[in-house]
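K.L.:
The following block contains the structure, expressed as structure tokens.
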Amino acid sequence: MAGPPAASVRRVVSLTVIDQGASSLSNFGLSVLVVHGSGAREVGVFAIIITTYILVQGLVRSVTSDCLLTRSGATGELRVRFEQAGYLFTLLAASALSLVLLGIAVVVGSSFAVPFVIFSIFFPLMAMQDFARYIGISRHDPAYSIRLDVAWIVVFGIAFIGLRSAGLVSLPWLFGAWAGAGALVGLSTVPAFLSVRKGTQALRFWITSEWSVGTRFAGQFLVGAFGIYGFLYVLVFVLSIDAIGLIKIAQLALAPVFVLFAGVQSALVSIVGRKMRENRHQATRFLNYVAVLMTVAMAIWTVAVYVTPAKDVADLFGPTWVQARPFMLWIGFSAAIGCVSTVYLIGLRAMRSANEVLRLVIIMAPFLFVLPLGGAKVWGIRGAAVGLGDRKSVV
């Protein structure tokens, strides 16, 4: 599984993008299956559930995987210690959040209760699959991560074929098959990385070395999530669940570019960290180049999807696409503008500048939260779309 320490930037970026694509393909497939066979209201319910998944996964990543990526230069026994300690901490953190999810399932309406129960059961193992992916990335060997993600896709595909033949294609069944597939793959990583014998020692090592940075990363994520995702829970009081479903469908059309960007960003953390140590000026120029490329790519994709005949796109996203199409244009251009800030925040994170990142996110969060809500209040769905910016909840 170990890759060469001096792996080329091009190879690492390419394989990491492929890994992110494989990781998101199962998510994207789930979204398409739900969107294609559901009305706007059920898609709105799905948007709330998948956003919750992104929130809890992002929180666990902040205190585990993100810290591991900044230690990508570690070798030998030290690297193994970071991996095993982070893996165990991932299990504990995800289990704690699962209890919170189970509590939410008790108080939410019947439309949400079953998916939340399913999620709370499978999430710890799903989080372990995700951390194992980042072990591959931190070792500059994304090929291992790709194998884990392809396994998730295959298991989910097999489960879906069985469900479809039995006529069980409602949201709870689809979501359960998807989450269960990820959990099964996560379970397969336990023998490689879980060291119970040295559990207490591993946890003490992780907390001593990573707690300070990890909690600040988590603080940055929570503050950012307040603006980036938290608005959705308040938006249900401004717009209908059906309207949120249309926004979700419009976002889904941008998924391929967001998948590409997510892969680039995952690779950037370790690559920019290495470049900063070698030549800070060249690293800054590299970040500028990536920011421009991402902005242009998002704008081009947005226009390309918008000018594609609606009936052709509706073959994939279902008949509701005709209603969602006008809002995709606003979301896409807003996301293009948001690419610049995203890249520079990744650069600061690569430098382990957790305080600076947290300070910037605190400044940005109120704007990210208020803009879609204010836009929705004044201009409806179109106003919410304009205020969305670079939202990652598309897949």
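When you line the sequence shown up against my numbering, it's residues 1335 to 1729, in that order. By construction, the Cβ of each residue, glycine as well, lies at the ideal position given by its N, Cα and C atoms.
1) Quick test of your reading: Met1628 and Val1677, contact by CB under 8 angstroms. State the CB separation rounded to the nearest angstrom.
2) Within the same chain, show all residues whose beta-carbon is closer than 6 angstroms to that of Ser1396, passing over the 5 residues directly before and after it, in chain order.
3) Are the stretch 1479-1498 and the stretch 1530-1543 touching by the rule of at least three beta carbon pairs closer than 8 angstroms?
4) If you draw a straight line from the alpha carbon of Ile1452 to that of Arg1415, how long is it in whole angstroms?
5) So the candidates are Val1572, Met1685 and Ala1477; which of them puts its Cα closest to the Cα of Val1606?
6) Is it true that the CB of Ile1383 sits closer than 8 angstroms to the CB of Phe1446?
7) Would Ser1444 be called buried (16 or more neighbouring beta carbons within 10 Å of its own) or exposed?
8) For the pair the stretch 1419-1432 and the stretch 1491-1505, tell me if three or more CB-CB distances fall below 8 angstroms.
9) As a quick exercise: from Gly1579, Ile1469, Tyr1567 and Ile1388, pick the residue whose alpha carbon is nearest that of Pro1653.
10) For a test of the three-state rule: what should DSSP assign to Met1632, helix, strand or coil?
11) Quick one: what's got a C-beta closer than 7 angstroms to Trp1512's C-beta in the same chain, skipping five residues either side?
12) Does the stretch 1397-1413 come within contact of the stretch 1455-1470, defined as at least 3 CB pairs closer than 8 angstroms?
13) Closest to Ala1577 by CA distance: which of Thr1424, Phe1362 and Gly1714 is it?
14) Along the chain, which unbroken stretches of the beta strand (DSSP E) at least 3 residues long are found entirely within the stretch 1665-1714?
15) Closer than 8 angstroms by C-beta to Ser1687: which residues in its own chain qualify, once you throw out the five before and the five after it? Chain order, please.
16) Distance check for Lys1711 and Lys1582, CA to CA, integer angstroms please.
17) Measure the alpha-carbon distance for Ala1719 versus Phe1661 and round it to whole angstroms.
18) Below 8 angstroms between beta carbons: does that hold for Ile1634 and Ala1584?
19) Counting C-beta neighbours from all protein chains within 10 Å, is the total for Arg1473 16 or more, i.e. buried, or is it exposed?
20) Are the beta-carbon atoms of Ala1589 and Phe1362 separated by less than 8 angstroms?
21) Note the first and the last residue of the continuous alpha helix (DSSP H) segment covering Ser1372.
P.N.:
Taking the structure as given:
1) By 1-based counting over the sequence shown, the position of residue 1628 is 294. By 1-based counting over the sequence shown, the position of residue 1677 is 343. Sure, about 6 angstroms apart at Cβ, within 8 angstroms.
2) Along the sequence shown, read from residue 1 onward, the residue named residue 1396 stands at position 62. Answer for Ser1396: Phe1551, Ala1552 and Phe1555, listed in chain order.
3) no
4) The residue you call residue 1452 lines up with position 118 of the sequence shown. The residue you call residue 1415 lines up with position 81 of the sequence shown. Each residue's Cα considered, the two are about 32 angstroms apart.
5) Within the sequence shown, residue 1606 is the residue found at index 272, counting from 1. Among Val1572, Met1685 and Ala1477, the Cα nearest to that of Val1606 is on Met1685.
6) The residue you call residue 1446 lines up with position 112 of the sequence shown. The residue you call residue 1383 lines up with position 49 of the sequence shown. In contact: Phe1446 and Ile1383 (Cβ atoms closer than 8 angstroms).
7) Stepping through the sequence shown from its first residue, residue 1444 is reached at position 110. Looking at its Cβ environment, which holds fewer than 16 other Cβ atoms inside 10 Å, Ser1444 is exposed.
8) no
9) Locating residue 1653 in the sequence shown gives position 319, counting from the first residue. Among Gly1579, Ile1469, Tyr1567 and Ile1388, the Cα nearest to that of Pro1653 is on Gly1579.
10) Counting from one through the sequence shown, the residue named residue 1632 turns up at place 298. Helix at Met1632.
11) For the purposes of this step, residue 1512 is taken as the residue at position 178 of the sequence shown. So the list reads Ser1360, Leu1364 and Phe1490, once near-sequence residues are dropped.
12) yes
13) Numbered from its first residue, the sequence shown carries residue 1577 at position 243. Of the candidates Thr1424, Phe1362 and Gly1714, the one whose C-alpha sits nearest the C-alpha of Ala1577 is Gly1714.
14) none
15) Residue 1687 sits at position 353 when you count from the first residue of the sequence shown. Cβ neighbours of Ser1687 beyond the five flanking positions: none.
16) Position 248 of the sequence shown, counting from 1, holds the residue named residue 1582. Position 377 of the sequence shown, counting from 1, holds the residue named residue 1711. Near 18 angstroms, if we compare the C-alpha coordinates of Lys1711 and Lys1582.
17) What you label residue 1719 is simply residue 385 of the sequence shown in a count that begins at 1. What you label residue 1661 is simply residue 327 of the sequence shown in a count that begins at 1. Looking at the two C-alpha atoms, the distance is approximately 6 angstroms.
18) Against the sequence shown, residue 1634 aligns to sequence position 300. Against the sequence shown, residue 1584 aligns to sequence position 250. No. Outside cutoff.
19) Walking along the sequence shown from the start, residue 1473 turns up at place 139. Buried.
20) As a position in the sequence shown, residue 1589 is number 255, starting the count at 1. As a position in the sequence shown, residue 1362 is number 28, starting the count at 1. For Ala1589 and Phe1362, yes; Cβs fall inside 8 angstroms.
21) In the sequence shown, counting from the first residue as 1, residue 1372 sits at position 38. It is not in any alpha helix (DSSP H) - Ser1372 carries neither H nor E in the DSSP assignment.
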